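Reading through the structure tokens given below for one structure.
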Amino acid sequence: MCGIVAYIGKNKAKDLLLDGLKSLEYRGYDSAGIAVLDDSKIELIKSAGKIAKLEQKIAELRSPALVADSASSEFNSMLAERLSKAFETSSCGIGHTRWATHGIASDGNAHPHQDLEADIALVHNGIIKNYLSLKHELEQDGIEFRTETDTEVIAHLFSRARQQTESDLDALRQVMAKVEGSYALAILVKDQQKIILAKNQSPLVIGIGDGEHFVASDSSTVLQYTNKVLKLKDLQVAEVTAGQVKLEDINGNESKIEVCHSVQNNSILEKGPYKHFLVKEINEQPAVTSLMLDQCLANPAKPISGFEQLDIDFSQINRIVFVACGSAYHAALIGKYLIELWAKVPVEVAIASEYASKQVLVGESDLVLGISQSGETADTLAAVTNAKQAGAKVMAITNKSDSAIYDLVSPNAYVTPAGIEVSVASTKAFTSQVLSLYFLAIKIAEDRLNADLTEVKQALRSLPLVIDQVIERAEQYQNQFLKYSNYRDFLFLSRGVNYPIALEGALKLKELSYIHATGYPSGEMKHGPIAILDQNVPVLSIAIDGPTKFEHGIYERSLSNAEEARARKSPSLVIACDDNNDLDGVFDEIIRIPNIDQLLSPIIATIPLQFLAYYIAEDLGKDVDQPRNLAKSVTVE
Ligand code: AGP
């Protein structure tokens, strides 16, 4: 979490820092700040809230209103003028957008942080695990802390180390020897035209320009300016000037500078005709699905393609373990269902944070597969690393080829072509993960059992059209869903292959509208959750009875469970196919989707639930694309 940027060169740093921060806002958006080097001093401004608020604060430095207001305070007006001049002229600075881990989102806790003398300013992404003991030591030495952050210890430690060493990189190494945890650091030093960097377990890249350097947590940020990217490795430090990068390892040895040439990305992501990125991304699902089918399933009569890069012999794999978080975990549950069904391989699904640090009993015939849209989720990376160290084969499904998980499992990654997902709540990335798991399950079944799944493959080809038909019903769904905006609790139920969709529907509603929602297997309701039911708790069931009735009884049993809820006076909603005529009078709200085989229905059934969360959140005036407390990329454990 948190995004950091830095710039040194010939252009105005402030503008580049703010633009860079905007492109990193997906990593956290509860406060932001920048610091620039101005002649001999470091000038800094920070603010709780989103980057737009910081921008406004900077603009106000020059506004006559502020100067007039502060006429009584000569000091304030001089300060505003000094800051404003520094931001207009400086070509060296650092910036940060925060997702709070230690300390509330406030101006004070926002980065950059400084030492007592204001000789340095630094921004940090990561967590210093032993900050409390370091803080106590520093306090005993008379240092008064001004923030509640873990980061402030680094500022004081670095400042002290500088007094005892000749070189700033040596001083930084001394700090690195003391701190435990993860960090990407960018530091400004008074009087010195340079930026100092360090990295451990948090991403940090340098974009190499012509007489200028751009630093960021994510290469997509620097790719707006240059196609030459240097990725720092763990425990490396760097000193960056406008014309040079000096890179060293933890022992002070010079490291080789390996620059990769990536495709430059000058495109600015736009919402187009849509009010929010979320609804734009919901609408992109037919195109993404279509692209994936063309890539992997162009000819249903032939074996599935798209996995040629993998160095895995599936006939030698005896067990698969999925590790993932959030929506990716729900996708994994669907993957388990399909792989066990078609390929007959036992599959476990683990919450990545639970798998990350336990003793895992795996060997070379086990495949541990991490699913992560961002490819940067710390819990998933830790879980895959744990499995790799224990001797398992590892693989990943990710939406980003330029990501830590891709590098960790290389060449065993399948990259979903969903494109950049801006909205924090996952929609098209989730459905692309689910579809990739259909492909993987078919691939394993074909490789191990020589299975003929032509019929399933043919049926999958119809998905883009059906998704389109669901999206066309958005307005109808909106009318149905808006009646439910004012409930405070929801229960989502389903069985079999759609049980994970009940979990996903509940997660979407929770994260977008802040309404409490829980997903359960329908059959489990009577074992406890039923106690909470009354007229204030709507129950939404997914009951798909497709034409081929893959598993007889699932639909009927889902209906009886819904009746049980209704008997407790719960308002009842159901997602069901057009042809199910036996639902009137049983449910208060019937949310229709086109007829679809139960086995293929998860991707289709999830779309009305995306709309449910969207319309309710909009109705309640919530921040749809950037819900409170969340971040798109969760890079802390
Ligand atoms: C989904 O809507 C969530 N924002 C979240 O649960 C997400 O799926 C989870 O954090 C995992 O992210 P990843 O796929 O990037 O690893």
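According to the numbering used here, the residues represented by the sequence shown are 244 to 880, in order.
Don't be surprised by glycine CBs; every beta carbon is placed ideally from N, CA and C.
Predicted model, so just to flag it, every value in this text is computed and none were measured.
Taking 8 Å as the cut-off, is the C-beta of F673 nearer than that to any heavy atom in the ligand AGP?
yes
CB-CB under 8 Å to F673, same chain, minus the five flanking residues each way: which ones, in chain order?
Within the same chain, F673 has close Cβ partners S570, A571, H573, A574, Q616, E747, T849.
Please indicate yes or no: does the CB of C568 lie closer than 8 Å to some heavy atom of the ligand AGP?
yes
Let me know the alpha helix (DSSP H) ranges lying completely inside the segment 522-585, each 4 residues or longer, listed in chain order.
528-539, 569-585
Indicate, with yes or no, if the ligand FAD has a heavy atom lying under 8 Å from the CB of T761.
As far as ligands go, the structure on display features the ligand AGP and does not contain the ligand FAD.
Could you pull the start and end residues of the alpha helix (DSSP H) that V637 belongs to?
Segment 636-641 is the beta strand (DSSP E) holding V637; no alpha helix (DSSP H) there.
So A427 packs on N352, CB below 8 Å; how close in whole Å?
Actually they are not in contact, since the Cβ atoms of A427 and N352 sit about 18 Å apart, beyond 8 Å.
K792 by DSSP, collapsed to three states: which one?
Note that K792 scores 48 on pLDDT, short of 50, meaning its location in the model is unreliable; the coordinates nonetheless yield the value given after this. In this structure, K792 counts as coil in the three-state DSSP scheme.
Roughly how many whole angstroms lie between the Cα atoms of V590 and I640?
16 Å
Quick one: does the C-beta of L678 sit closer than 8 Å to a heavy atom of the ligand AGP?
no
For N526 and L267, what's the separation of their Cα atoms in angstroms?
Between N526 and L267, the alpha-carbon positions lie close to 24 Å from each other.
In its own chain, which residues sit with a C-beta less than 7 Å from the C-beta of K885, not counting the 5 before and 5 after it?
Only positions 244 to 880 of the chain appear in this structure, which leaves residue 885 out of reach.
Give the straight-line distance between the Cα atoms of A404 and C503, rounded to the nearest whole angstrom.
33 Å
With distances taken Cα to Cα, identify the nearest neighbour of S882 among I397, A361, G549.
With the chain represented from 244 up to 880, any question about residue 882 goes unanswered, as that position is not in the structure.
Give me the Cβ distance between Q235 and T484, rounded to the nearest whole Å; I'm assuming they're in contact under 8 Å.
In the structure as shown, the chain begins at 244 and stops at 880. Residue 235 is therefore absent and cannot be evaluated.
Tell me the residue span of the beta strand (DSSP E) that contains P814.
No beta strand (DSSP E) contains P814, which DSSP labels as neither H nor E.
Along the chain, where does the alpha helix (DSSP H) containing D711 start, and where does it finish?
706-715
Quick check on DSSP: helix, strand or coil for R389?
coil
Using a Cβ-based criterion (distance less than 8 Å to any ligand heavy atom), does V667 qualify as near the ligand AGP?
yes
From L683, V677, I710, V713, pick the residue whose C-alpha is nearest to that of V740; which is it?
V677
What residues in its chain sit with their C-beta under 7 Å from that of D492, if we drop five residues either side in the sequence?
L478, Q479, S498
Tell me the DSSP secondary structure of A256 in three-state form.
helix
For D434, I'd like the list of residues in its chain whose CB is within less than 6 Å of its CB, leaving aside the five on either flank, ordered along the chain.
Counting only Cβ-Cβ distances below 6 Å, and skipping sequence neighbours, we find S283.
Taking only three categories from DSSP, how would you classify V458?
DSSP places V458 in strand when its eight states are reduced to three.
How big is the Cα-Cα spacing for N722 and L816?
13 Å
Report the residue from E767, S334, S445 whose alpha carbon sits nearest the alpha carbon of K255.
S334
Are I836 and S844 touching if we call contact CB-CB under 9 Å?
Taking 9 Å as the Cβ cut-off, I836 and S844 qualify as a contacting pair.
Measure how close the beta-carbons of G338 and I277 come, nearest whole angstrom, since I'm counting them as under 8 Å.
4 Å
Roughly how many angstroms separate the alpha carbons of A668 and N494, rounded to a whole number?
42 Å
Give me whichever residues DSSP pairs with H339 in a beta bridge.
I247, G276
Can you say whether Q632 is buried or exposed, counting buried as having 16 or more other CB atoms within 10 angstroms of its CB?
exposed
Return the first residue and the last residue of the alpha helix (DSSP H) that K284 is part of.
Premise fails: K284 lies in the beta strand (DSSP E), 284-291, not in any alpha helix (DSSP H).
How far does the alpha helix (DSSP H) with F401 in it reach, from first residue to last?
395-407
Quick check: is any heavy atom of the ligand AGP less than 8 Å from the C-beta of T623?
yes
Determine whether the beta carbon atoms of L381 and E482 lie at a separation below 9 Å.
no
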